[in-house]
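Q:
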Ligand code: BJW
């Protein structure tokens, strides 16, 4: 049984505009490894931070492509977990009551959408989409290819996953929408993120500066814990369903 902090349920029930910022911990209980957790098996010899860069792709495109292909397969076999489903329940509850809800995710796995979520901002892209490394154009259908990575049908450049790597700008409109949501909300919940990566890590502070109540859900407290109004030190798949059930009673 999760012990929810006193006052949080009432705060959630009174909230008019909820923003949730999620990270890899949201999908941990679906069997998807977190970004900075211990890696196992095939890819344990590589640091994810060293593969998720344009430099790594330039140096060894096949290695980076294969890493994403492996992750894509892993995610395809995974199922949304009770934390993804609880967020969808919150979205439905908020929209039905005429209140605002937004889920900003750093995850590229698409599991929140598979759970039925629609009010989602994908800050770091999606590993099921592709674009041309040279022209930066989205590529919808990729053809069977002997080459790794496959090539762009328009210019012959290498294809890459449509995700945001270190040192790359987030899509401007996406980032602006996320910042606006953070500025306007009155309750901001972070779940399953280490908050080590900018600009996502600044969003809770933007929300707080504009008067929002901050909540952190993570089995391990992050640097946000000292500023948060409420912390739930528990896995997402336990904490979120407990919170949603209590708020809906
Ligand atoms: C559980 C759990 C359970 C476990 N339940 N929880 C300002 C200062 C310094 C540096 C910078 C700065 N501004 C920009 C930078 C550079 C850089 C950056 O932030 N570097 C830092 C390392 C310092 N940022 C960028 O380059 C960004 N671009 C940018 O800002 O452009 C302009 C610019 C460039 C350069 C300089 C200045 C300005 C782009 C960032 C793109 C990040 N991309 C990645 C890869 C995406 C594709 C892929 O997945 O392969 O995104 S990196 C990686 O980190 C991935 C994640 O989305 C992201 C965040 O990780 P997340 O989700 O928090 O995962 P973890 O593993 O770190 O944490 C998991 C958490 O879950 C833990 O806390 C666990 O405890 C918890 N957990 N089980 C709940 N069951």
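Residue numbers (my numbering): 3 to 251.
Even glycine gets a Cβ: it sits at the ideal position worked out from N, Cα and C.
Just so it is clear, the structure is predicted and the values come from calculations on it, not from any experiment.
Taking residue 123 as part of the beta strand (DSSP E), name the residues at either end of that continuous run.
A: As a first step, residue 123 must be located in the chain shown, where it is residue number 121. Per DSSP, residue 123 belongs to the beta strand (DSSP E) from 122-124.
Q: How many angstroms separate the CA atom of residue 104 from the CA atom of residue 188?
A: Translated into positions along the chain shown, residue 104 becomes position 102. Translated into positions along the chain shown, residue 188 becomes position 186. Cα to Cα, residue 104 sits roughly 12 angstroms from residue 188.
Q: Excluding the 5 residues flanking residue 118 on each side, which residues of the same chain have their C-beta closer than 7 angstroms to its C-beta?
A: Counting from 1 along the chain shown, the entry for residue 118 is found at position 116. Closer than 7 angstroms at the Cβ level, and outside the excluded window around residue 118, lie 90.
Q: For ligand 1, is there any heavy atom lying closer than 6 angstroms to the beta carbon of residue 59?
A: As a first step, residue 59 is located in the chain shown; it is residue number 57 there, counting from the start. Answer for residue 59: no, Cβ out of range of ligand 1.
Q: Give the single residue among 71, 204, 229 and 80 whose Cα lies nearest to the Cα of residue 178.
A: Along the chain shown, read from residue 1 onward, the residue named residue 178 stands at position 176. Comparing Cα-Cα distances from residue 178 to each of 71, 204, 229 and 80, the minimum goes to 204.
Q: When you compare only the Cα positions, how much space is there between residue 86 and residue 221?
A: The residue you call residue 86 lines up with position 84 of the chain shown. The residue you call residue 221 lines up with position 219 of the chain shown. Near 17 angstroms, if we compare the C-alpha coordinates of residue 221 and residue 86.
Q: For residue 108, which residues in the same chain have their Cβ closer than 8 angstroms to its Cβ, ignoring the five residues on either side in sequence?
A: In the chain shown, residue 108 corresponds to position 106, counting from 1. Excluding five sequence positions before and after residue 108, the CB atoms of its chain that fall closer than 8 angstroms to its own CB belong to 23, 24, 25, 26, 125, 126, 195, 199 and 202, given in chain order.
Q: Relative to the alpha-carbon of residue 10, which residue among 115, 243, 231 and 239 has its alpha-carbon at the smallest distance?
A: Your numbering for residue 10 matches position 8 in the chain shown. For residue 10, the nearest C-alpha among the options comes from 231.
Q: Checking 7 angstroms against the spacing of the C-beta atoms, do residue 53 and residue 66 come in under that value?
A: The residue you call residue 53 lines up with position 51 of the chain shown. The residue you call residue 66 lines up with position 64 of the chain shown. The answer is yes: Cβ separation under 7 angstroms.
Q: Looking at ligand 1, does it come within less than 6 angstroms of residue 54, judged from the CB to the closest heavy atom?
A: In the chain shown, residue 54 corresponds to position 52, counting from 1. Result yes, Cβ under 6 angstroms from ligand 1.
Q: Can you list, in chain order, the residues of its chain whose CB lies under 8 angstroms from that of residue 213, leaving out five sequence neighbours each side?
A: Taking the chain shown and counting its residues from 1, the one referred to as residue 213 is at position 211. For residue 213, where only same-chain residues beyond five positions count, the Cβ hits under 8 angstroms are 188.
Q: Using 10 angstroms around the beta-carbon of residue 168, count the other beta-carbons present and answer buried if the total reaches 16, otherwise exposed.
A: Taking the first residue of the chain shown as position 1, residue 168 is located at position 166. Of the other Cβ atoms in all chains shown, fewer than 16 fall within 10 Å of the Cβ of residue 168; this residue is therefore exposed.
Q: From residue 245 to residue 58, what distance separates their C-alpha atoms?
A: By 1-based counting over the chain shown, the position of residue 245 is 243. By 1-based counting over the chain shown, the position of residue 58 is 56. If I take the Cα positions, the gap works out to 41 angstroms.
Q: From the DSSP output, read off the bridge partner residues of residue 134.
A: In the chain shown, residue 134 corresponds to position 132, counting from 1. Note: residue 134 sits in a beta bridge opposite 161.
Q: So which of 83, 50 and 71 has the shortest CA-CA distance to residue 161?
A: Along the chain shown, read from residue 1 onward, the residue named residue 161 stands at position 159. Of the candidates 83, 50 and 71, the one whose C-alpha sits nearest the C-alpha of residue 161 is 71.
Q: Compute the Euclidean distance between the alpha carbons of residue 74 and residue 173, then round it to the nearest angstrom.
A: Walking along the chain shown from the start, residue 74 turns up at place 72. Walking along the chain shown from the start, residue 173 turns up at place 171. Rounded to the nearest whole angstrom, the CA to CA distance from residue 74 to residue 173 is 22 angstroms.
Q: Whose C-alpha, out of 16, 12 and 21, is nearest the C-alpha of residue 186?
A: Counting from 1 along the chain shown, the entry for residue 186 is found at position 184. That would be 21, whose Cα lies nearest to the Cα of residue 186.
Q: Measuring CB to CB, does residue 141 end up less than 7 angstroms from residue 133?
A: What you label residue 141 is simply residue 139 of the chain shown in a count that begins at 1. What you label residue 133 is simply residue 131 of the chain shown in a count that begins at 1. Result yes, Cβ atoms of residue 141 and residue 133 sit closer than 7 angstroms.
Q: What number of angstroms, rounded off, separates the C-alpha of residue 243 from the C-alpha of residue 159?
A: As a first step, residue 243 is located in the chain shown; it is residue number 241 there, counting from the start. As a first step, residue 159 is located in the chain shown; it is residue number 157 there, counting from the start. Cα to Cα, residue 243 sits roughly 45 angstroms from residue 159.
Q: Can you give me the C-alpha to C-alpha distance between residue 32 and residue 115, rounded to a whole angstrom?
A: Mapped onto the chain shown, residue 32 falls at position 30. Mapped onto the chain shown, residue 115 falls at position 113. Whole-angstrom Cα-Cα distance: 14 angstroms.
Q: Within the same chain, show all residues whose beta-carbon is closer than 6 angstroms to that of residue 150, passing over the 5 residues directly before and after it, in chain order.
A: Translated into positions along the chain shown, residue 150 becomes position 148. Taken in chain order, the residues that qualify are 64 and 67.
Q: How about residue 184 and residue 219: are their beta carbons less than 7 angstroms apart?
A: The sequence position of residue 184 within the chain shown is 182, counting from 1. The sequence position of residue 219 within the chain shown is 217, counting from 1. Contact flag unset, no.
Q: Let me check one thing: in DSSP terms, what residues is residue 20 bridge-paired to?
A: The sequence position of residue 20 within the chain shown is 18, counting from 1. Among the bridge pairs identified by DSSP, residue 20 is matched with 103 and 189.
Q: Give the DSSP-derived three-state secondary structure of residue 218 in the structure shown.
A: Residue 218 sits at position 216 when you count from the first residue of the chain shown. Note: residue 218 maps to strand in three-state DSSP.
Q: Tell me the rounded alpha-carbon separation between residue 165 and residue 82.
A: As a first step, residue 165 is located in the chain shown; it is residue number 163 there, counting from the start. As a first step, residue 82 is located in the chain shown; it is residue number 80 there, counting from the start. Answer to the nearest angstrom: the Cα atoms are 20 angstroms apart.
Q: Give the list of continuous beta strand (DSSP E) stretches no shorter than 3 residues that lie fully inside the region 33-114.
A: 102-107
Q: Report the rounded CA-to-CA distance for residue 248 versus residue 240, giving the unit in angstroms.
A: As a position in the chain shown, residue 248 is number 246, starting the count at 1. As a position in the chain shown, residue 240 is number 238, starting the count at 1. Going by the C-alpha atoms only, they are around 12 angstroms apart.
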